[in-house]
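Q: Structure in structure tokens, see below.
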Amino acid sequence: LAKLQHLEISYCESMEGVVDTTGWSERDEGKLIELKVFPKLHSLKLEWLPELTSFANTGQIHSDLVVEFPSLLNLEIHGCNNMLRFISTSSPADTLHSEMQSPPLFDEK
Numbered sequence: 001l002a003k004l005q006h007l008e009i010s011y012c013e014s015m016e017g018v019v020d021t022t023g024w025s026e027r028d029e030g031k032l033i034e035l036k037v038f039p040k041l042h043s044l045k046l047e048w049l050p051e052l053t054s055f056a057n058t059g060q061i062h063s064d065l066v067v068e069f070p071s072l073l074n075l076e077i078h079g080c081n082n083m084l085r086f087i088s089t090s091s092p093a094d095t096l097h098s099e100m101q102s103p104p105l106f107d108e109k
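Under full-length UniProt numbering, the sequence shown has 38 at position 38, and the numbering climbs by one with no breaks.
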């Protein structure tokens with residue numbers, strides 16, 4: 001993944017997230033997690049992923065996840081109607097509350 005420059009994911013009907021940290025150890029609970037797996041990614045295209053809710057789903061354990069795309073130049077998202085946030089850090093109850101408030105696609109820093 002360190003040399004990956006282009007990533008296109010299309011027509012995966014059951015995909016809910018591209019990066020999923022919900023299975024990570026609970027010993028990291030509450031710590032800031034920096035995910036630097038795409039350092040050379042220039043282009044990211046996500047299309048026709050009806051179950052996708054976020055690019056990175058952190059679940060309840062890793063509430064402080066930072067995903068970096070230092071080389072990203074092009075981001076395309078089409079047909080991902082369930083996507084509420086690019087990086088989801090909320091619990092299911094928070095997500096329900098957030099849906100009613102129409103959250104921004106990207107979390108503010």
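Glycine is no exception: its CB is placed at the ideal position from the N, C-alpha and C atoms.
For Lys3, which residues in the same chain have their Cβ closer than 7 Å to its Cβ, ignoring the five residues on either side in sequence?
A: Counting from 1 along the sequence shown, the entry for residue 3 is found at position 3. So the qualifying residues of the chain are Lys40.
Q: Measuring straight from C-alpha to C-alpha, what distance separates Glu8 and Asn81?
A: Residue 8 sits at position 8 when you count from the first residue of the sequence shown. Residue 81 sits at position 81 when you count from the first residue of the sequence shown. Glu8 and Asn81: Cα-Cα distance of roughly 17 Å.
Q: When we look at the beta-carbon of Gly79 and count the other beta-carbons within 10 Å, is it buried (16 or more) or exposed?
A: Translated into positions along the sequence shown, residue 79 becomes position 79. Flag for Gly79 reads exposed.
Q: Counting only the same chain and skipping the five closest in sequence on each side, list residues whose C-beta sits under 6 Å from that of Val19.
A: Taking the sequence shown and counting its residues from 1, one reaches residue 19 at position 19. So the list reads Ala56, once near-sequence residues are dropped.
Q: For Val37, collect the residues of the same chain with a Cβ closer than 6 Å to its Cβ; drop the 5 residues on either side in sequence, then sort them by chain order.
A: Position 37 of the sequence shown, counted from the first residue, corresponds to residue 37. Once the five neighbours on either side are set aside, the close Cβ partners of Val37 are Leu1.
Q: Could you tell me if Leu75 is buried or exposed, where buried requires 16 or more neighbouring beta carbons within 10 angstroms of its beta carbon?
A: What you label residue 75 is simply residue 75 of the sequence shown in a count that begins at 1. Exposed: under 16 other Cβ atoms inside 10 Å.
Q: By how many angstroms is the C-alpha of Gln5 removed from the C-alpha of Glu34?
A: Taking the first residue of the sequence shown as 1, we reach residue 34 at position 34. Taking the first residue of the sequence shown as 1, we reach residue 5 at position 5. Near 19 Å, if we compare the C-alpha coordinates of Gln5 and Glu34.
Q: Once the 5 residues before and after Pro50 are set aside, which same chain residues still bring their CB inside 8 Å of it?
A: The residue you call residue 50 lines up with position 50 of the sequence shown. Within the same chain, Pro50 has close Cβ partners Glu13, Gly79, Cys80, Asn81, Asn82.
Q: On a Cα-Cα basis, can you pick out the residue from Leu52, Ile77, Glu16 that is closest to Gly43?
A: For the purposes of this step, residue 43 is taken as residue 43 along the sequence shown, with counting starting at 1. Checking the sequence shown, residue 43 turns out to be Ser, not Gly. Ser43 has its Cα closest to that of Ile77, out of Leu52, Ile77, Glu16.
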